[in-house]
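Visitor: Got a structure for you, written out below as structure tokens; questions coming shortly.
Protein chains in written order, with the numbering used here: chain B, 34 to 173; chain D, 392 to 786.
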């Protein structure tokens, strides 16, 4: 039986598969980013910044009733779309679900084909931060 | 009309607008490199068999070609390096380090003319001074002279053309004023040779750094001009093979310039290719290059100016080669990524010039930079695709 994360990934893969034109995938990313609630200026603190992103990315994790809720933002529209996708995949899950998930599975999204190598490093850092948040919450 | 000289553009629809990062290489340069590797590959200045002699001759001919090209007076004033960055590091550590209290740079320097000074423990107002520029990025000559007056034991290191903005610094005047105060000047010519003639005697410059790969030549090679009167004061940057006249276990005696500055096996094919690139530029002639590129630049400037909410950071008079811009409501990174997906290659970001970006309150810019191979069609494609990118980003 596939996990909730796998189900969410499959949904995104399906959505992305509708687009033949690569530019349409970017339009989808931009739209996804615009739908993400922005962080307030007060929330854009150094401690939430992700290292390794060429653009600025902030990621906040809140533990609500045993589930991790992620909120995030970026100063660039396309990266904000990526942040939104990642949040869609990992938010509102138990720490154990995230800890148990093999992040290599994200490869099926094919994001490496649509984002630059520099941004791939940023994406990797973002996912590592999510894993760290989950591991800390799991061991608490 | 110049694309025909470059194999890169055969069967390749890429719109290449990143020549300030590196230029494409004409076929004659590729052939010269290949000829060395396939016909007479041998080390230089060591062996004495036929091909080794030919390699040495071609290598030294390249030195003479560069000497004539920039109107240096002597072959020994030309030293091959890995590129402009190495040339700047070279002079920083071998000439400036223990000799000068202050280094004066411009506001438009890229990291290669900032970081080496920091590595010497110089920071702003502690051995490093920065000449102001106004919002038009023009060099503040009055401030420069004031800095020279306040810092009698100074060295000046200034870029000829800013890589981030294409802004030309008035280097002849800068050198003239610095010399009034007895101060030597190094010019970073990374962005100049490809666009206009450099005459080191006319400039009366003390040190001039040159790039091959930004001037239609191979990567990993560059050169430095050192005025003859300074050669005795420049220490060897690295030592070892090919730099010595005699070695025992007790001491080493170095050769004279240029050999004492070129330790180890050089990028022989690169140097030979660099010379061929200079011959290619000679064949095109600078007058024609300047006229042709100015036409493209002007057209690009006008076309970009017509886009809504665009901010251009340079004008079309005091700049050459590169044009930097931002569009309100769109990050340069996103613009660049989308243009890339539409097969238009531009640079976006801080262009290795973070201090000036910070000074201007910018995270970065989109930069379009030209080579002789660009044409009006390239600019039309840039504009068309830029509009599409902005449509996607702004919704």
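For every residue, glycine included, the Cβ atom is placed at its ideal position computed from N, Cα and C.
Computed from a prediction, not measured in an experiment: that's the story for all the values here.
1. Tell me whether residue 717 of chain D sits in a helix, a strand or coil according to DSSP, three-state version.
2. Report the rounded CA-to-CA distance for residue 392 of chain D versus residue 167 of chain B, giving the unit in angstroms.
3. Expressed to the nearest angstrom, what Euclidean distance is found between the alpha-carbon atoms of residue 493 of chain D and residue 523 of chain D?
4. Please go through the same chain and pick out, in chain order, the residues whose beta-carbon is closer than 6 Å to the beta-carbon of residue 534 of chain D, but skip the five residues on each side of it.
5. Quick check on residue 107 of chain B: buried or exposed, where buried means 16 or more other Cβ atoms within 10 Å of its Cβ?
6. Give me the DSSP bridge partner(s) of residue 96 of chain B.
7. According to DSSP, simplified to helix, strand and coil, what is residue 493 of chain D?
8. Could you tell me if residue 417 of chain D is buried or exposed, where buried requires 16 or more neighbouring beta carbons within 10 angstroms of its beta carbon?
9. Take residue 783 of chain D and list the residues in its own chain whose beta-carbon comes closer than 8 Å to its own, dropping the five residues that flank it on each side.
10. Alpha carbon to alpha carbon, how far is residue 732 of chain D from residue 723 of chain D? Give it in angstroms, no decimals.
11. Based on the DSSP output, what are the partners of residue 471 of chain D in its beta bridges?
12. Assuming the contact rule is C-beta atoms closer than 8 Å, residue 117 of chain B and residue 66 of chain B should be a hit. Round their C-beta distance to whole Å, please.
13. Going by C-alpha distance, which of D:659, D:558, D:686 is nearest residue 423 of chain D?
14. Quickly, what does DSSP pair residue 757 of chain D with across the bridge? List them, please.
15. Run down chain D in chain order and give the residues with a C-beta less than 7 Å from the C-beta of residue 55 of chain B.
16. State the Cα-Cα distance for the pair residue 445 of chain D and residue 452 of chain D, rounded to the nearest angstrom.
17. Cβ of residue 105 of chain B within 9 Å of Cβ of residue 46 of chain B?
18. With a threshold of 16 other CB atoms inside 10 Å of the CB of residue 114 of chain B, please say whether the residue is buried or exposed.
19. Need the endpoints of the beta strand (DSSP E) that residue 464 of chain D sits in, please.
20. What does DSSP give as the partner residues of residue 91 of chain B in its beta bridges?
21. Using only CA atoms, which one of D:567, D:571, D:579 lies nearest to residue 553 of chain D?
22. Below 9 Å between beta carbons: does that hold for residue 547 of chain D and residue 507 of chain D?
23. For residue 524 of chain D, write down the residues that DSSP places opposite it in a beta bridge.
24. Looking at the strands, I want to know which residues DSSP matches up with residue 599 of chain D.
25. Give me the Cα-Cα distance between residue 635 of chain D and residue 625 of chain D, rounded to the nearest whole angstrom.
26. Excluding five sequence neighbours on each side, which residues of the same chain lie with their C-beta closer than 8 Å to the C-beta of residue 58 of chain B?
27. Could you please tell me which residues of the stretch 690-708 of chain D, in chain order, have their CB closer than 8 Å to any CB of chain B?
28. Check whether the stretch 765-779 of chain D and the stretch 88-102 of chain B touch, using three or more Cβ-Cβ pairs below 8 Å as the test.
29. Quick check: what's the CA-CA separation for residue 162 of chain B versus residue 119 of chain B?
30. Hey, residue 716 of chain D and residue 757 of chain D are a contact pair by Cβ (cut 8 Å); roughly how many whole angstroms apart?
31. Take every Cβ of the stretch 551-565 of chain D, pair it with every Cβ of the stretch 576-596 of chain D, and state whether three or more of those distances are shorter than 8 Å.
32. If residue 398 of chain D and residue 618 of chain D are in contact, beta carbons under 8 Å, what's the gap, nearest whole angstrom?
33. Quick check on this structure: which residue in D:673, D:437, D:435, D:442 has the alpha carbon closest to the alpha carbon of residue 429 of chain D?
34. Report the residues of the stretch 61-81 of chain B with a CB closer than 9 Å to any CB of chain D, ordered along the chain.
35. Suppose you measure from the CA of residue 688 of chain D to the CA of residue 694 of chain D; what does that come to, to the nearest Å?
36. Whose C-beta lies closer than 6 Å to the C-beta of residue 149 of chain B among residues of the same chain, with five residues either side of it excluded?
Guide: A quick look at the data gives this:
1. If DSSP states are grouped into helix, strand and coil, residue 717 of chain D belongs with the strands.
2. 59 Å
3. 16 Å
4. 522, 523.
5. buried
6. Beta-bridge pairing links residue 96 of chain B to B:101.
7. strand
8. buried
9. 729
10. 14 Å
11. D:614
12. 5 Å
13. D:659
14. According to DSSP, which records beta bridges pairwise, residue 757 of chain D is partnered with D:716, D:739.
15. 732
16. 10 Å
17. Not closer than 9 Å, so no.
18. buried
19. Run containing residue 464 of chain D: none; DSSP gives neither H nor E here.
20. B:82, B:106
21. D:579
22. no
23. Residue pairing for residue 524 of chain D: DSSP places it in a beta bridge opposite D:530.
24. D:578, D:616
25. 16 Å
26. 49, 52, 147
27. Here the close residues number zero.
28. no
29. When only Cα atoms are considered, residue 162 of chain B and residue 119 of chain B end up about 11 Å apart.
30. 6 Å
31. yes
32. Going by Cβ atoms, the distance from residue 398 of chain D to residue 618 of chain D rounds to 38 Å, so no, they are not a contact pair.
33. Residue D:442 holds the alpha-carbon nearest to the alpha-carbon of residue 429 of chain D among D:673, D:437, D:435, D:442.
34. 63, 64, 67
35. Taken atom to atom, the span from the alpha-carbon of residue 688 of chain D to that of residue 694 of chain D is near 10 Å.
36. none
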